[in-house]
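Using the working numbering, the letters of the sequence shown correspond one by one to residues 1 to 393.
Beta carbons are placed, not taken as given, at the ideal position from N, Cα and C, and that holds for glycine.
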Amino acid sequence: MKAVHFSLIGLLLLTGCANSPLGQSLQRTFAADPQLEASPTVTPTPTPTPSPSPTADLPADLPRYPNAELVGEPTTDADGVTVTRWRTTDGGDRVRQFYQEVFQSENWQVQSNTEPLIAQKDDLRVRVAIATGNTPTEFTLTYQTAADTTAASPTPTSTSAAPTEGSTQFSDVGQAPAELQSYINDLAQLGVLNVADASQFRPNQIITRREYARWLVATNNRLFRDNPAQQIRLAPSSAQPAFQDVRSTDPDFGAIQGLAEAGLIPSPLSGDSTTVTFRPDAPLTRENLIAWKVPLDIRQSLPTASIDAVKQTWGFQDVSRIDPGALRAVLADFQNGDQSNIRRAFGYTKLFQPKRTVSRAEAAAVLWYFGSQGEGVSAKDAATQPEPASTGQ
1 MKAVHFSLIG LLLLTGCANS PLGQSLQRTF AADPQLEASP TVTPTPTPTP
51 SPSPTADLPA DLPRYPNAEL VGEPTTDADG VTVTRWRTTD GGDRVRQFYQ
101 EVFQSENWQV QSNTEPLIAQ KDDLRVRVAI ATGNTPTEFT LTYQTAADTT
151 AASPTPTSTS AAPTEGSTQF SDVGQAPAEL QSYINDLAQL GVLNVADASQ
201 FRPNQIITRR EYARWLVATN NRLFRDNPAQ QIRLAPSSAQ PAFQDVRSTD
251 PDFGAIQGLA EAGLIPSPLS GDSTTVTFRP DAPLTRENLI AWKVPLDIRQ
301 SLPTASIDAV KQTWGFQDVS RIDPGALRAV LADFQNGDQS NIRRAFGYTK
351 LFQPKRTVSR AEAAAVLWYF GSQGEGVSAK DAATQPEPAS TGQ
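Dropping the structure here:
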């Protein structure tokens with residue numbers, strides 16, 4: 001009771017002098033330290049140690065995309081083929097355009113300017129494959145030097161050719177007509193038949209004008225890889241587009257524009273002012289198939305042609321339906337004898353059906369051989385040829 005009594009007295013005294021100098025002094029004495037309230041105890045957090053970023057020791061001549069980061073560590077197989085994976089926030093078109101321009105400006109020998117891009121300079125071969133539909137963009141840079149190839153490859157004991165870099169093996173070639181299957185296989189071994197699905201060729205599917213232009217340039221340049229004078233120059237993205245519907249950002253601009261600039265397809269550049277569009281995704285017709293290819297066979301001016309001349313040589317019953325611009329190529333193709341594109345793709349026929357669409361298998365048959373009768377090169381010949389000797393020092 002005494003303790004309670006004194007506590008009450010103390011409380012009354014404090015309350016009574018709350019505003020007095022004595023009360024204020026007592027309040028300051030028993031008040032909490034404001035510095036202790038403002039400075040709570042902080043538990044130190046350890047600084048994380050950053051993990052090392054993967055690095056790639058690329059060959060000096062190999063161009064590296066400036067805005068890309070390496071994904072994972074590079075891998076090298078027993079044959080000396082090194083695969084590096086990259087990621088960038090830029091679009092796939094920009095990556096493709098970068099490598100196309102660098103390969104051309106730095107004098108690389110381009111073997112395929114479509115997906116995948118394949119080029120060689122001296123003893124260094126590189127393959128650029130860009131994944132589609134990914135954000136950010138991912139691509140692989142695969143390279144191998146001739147020294148690695150020589151060291152890893154034993155002396156061949158037969159004349160059969162091993163698959164070349166970028167070669168493809170399709171699982172559905174058996175769906176094509178039996179007479180055309182070998183043509184597809186030989187071209188696939190060269191890696192020039194670029195399709196969306198690397199394992200499915202779909203031989204009976206209608207080929208588009210875009211696809212045929214791409215394959216035409218790729219095959220010609222691959223068959224004549226040792227003869228730059230016979231190659232079709234791929235147009236740079238800085239070129240003024242010949243067609244309103246094929247802009248410089250189009251993935252096949254280099255091939256289509258290159259054909260136009262070489263005068264191999266009708267365009268305003270060749271004096272055909274009415275042909276202002278290319279219609280890249282339209283089906284390819286038989287007359288286009290022959291008209292674009294034959295100039296690369298004969299490598300000279302096409303002969304003068306008339307409906308009667310074509311009818312007398314080929315015996316086609318529908319000659320009048322052939323576009324006048326294709327008549328000369330059709331006539332010149334007859335003069336190629338057994339190496340005629342029409343005979344190789346369609347066999348013996350009395351109807352040309354110039355407006356009929358073309359299958360991928362038929363296009364492959366046409367592209368299998370370039371040149372005139374007795375003087376030309378086939379995809380099979382190219383597949384069995386040894387790799388060109390290195391010119392590096």
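key: Of the listed residues Asp-172, Arg-209, Ala-196 and Asn-220, nearest to Leu-190 (C-alpha basis)   = Residue nearest to Leu-190 within the set Asp-172, Arg-209, Ala-196 and Asn-220 is Asn-220 (criterion: CA-CA distance).
message = Could you tell me the alpha carbon to alpha carbon distance between Pro-74 and Thr-208, rounded to whole angstroms?
response = Linking Pro-74 to Thr-208 through their CA atoms gives a straight-line distance of about 37 angstroms.
key: Segment contact, 8 angstroms Cβ cut-off, at least three pairs: the region 326-345 with the region 291-302   = yes
key: Given Ala-178 as reference, the closest of Thr-249, Phe-370 and Ala-361 once Cα atoms are compared   = If we check each option's Cα against that of Ala-178, Ala-361 comes out closest.
ask   = Where does Trp-86 sit, in a helix, a strand or coil, going by DSSP?
value = Assignment of Trp-86 by DSSP, reduced to helix, strand and coil, places it in the strand class.
query = Alpha carbon to alpha carbon, what distance is there between Asp-186 and Lys-380?
reply = 5 angstroms
ask   = What are the start and end residues of each continuous alpha helix (DSSP H) run of 4 or more residues lying completely inside the region 241-300, in chain order?
value = 253-261 and 286-298
ask   = With burial defined as no fewer than 16 other Cβ atoms inside 10 Å of the residue's Cβ, what is the status of Ala-213: buried or exposed?
value = buried
ask   = Does the beta-carbon distance from Gly-201 to Asp-245 come in below 8 angstroms?
value = The residue you asked about is not Gly; residue 201 is Phe in the sequence shown. It is not a contact, given that the beta carbons lie outside the stated cut-off.
ask   = In whole angstroms, what is the alpha-carbon distance linking Ser-267 and Gly-258?
value = Near 11 angstroms, if we compare the C-alpha coordinates of Gly-258 and Ser-267.
message = Is the separation between the beta-carbon of Gln-109 and that of Arg-225 shorter than 8 angstroms?
response = yes
task = Could you have a look at Gln-100 and say whether DSSP puts it in helix, strand or coil?
result = helix
ask   = Which residue comes first and which comes last in the alpha helix (DSSP H) that contains Tyr-369?
value = Segment 369-372 is the beta strand (DSSP E) holding Tyr-369; no alpha helix (DSSP H) there.
message = Only counting the same chain, and skipping five residues up and downstream in sequence, which positions put a Cβ closer than 7 angstroms to that of Ala-365?
response = Leu-180, Tyr-183, Arg-344 and Ala-345
inquiry  = Using 8 angstroms for Cβ pairs, my map puts Arg-222 next to Val-192. What's the rounded Cβ distance?
reply    = 5 angstroms
ask   = In this structure, does DSSP put Ser-359 in helix, strand or coil?
value = strand
Residue interval of the beta strand (DSSP E) (run including Lys-121) = 117-121
query = How many Å lie between Ala-309 and Gln-300 at the Cα?
reply = The alpha-carbon atoms of Ala-309 and Gln-300 are separated by roughly 19 angstroms.
ask   = Do Ile-206 and Thr-357 have their CB atoms nearer than 8 angstroms?
value = yes
query = Since Thr-219 is in the alpha helix (DSSP H), which residue starts that stretch and which ends it?
reply = 209-223
request  = Can you grab the Cα-Cα spacing for the pair Phe-139 / Asp-61, in whole Å?
outcome  = 19 angstroms
Own chain residues within Cβ distance below 7 angstroms of Gln-230, not counting five before or after = Phe-224
ask   = Smallest Cα separation from Leu-124: which of Phe-98, Thr-82, Trp-368 and Ala-242?
value = Thr-82
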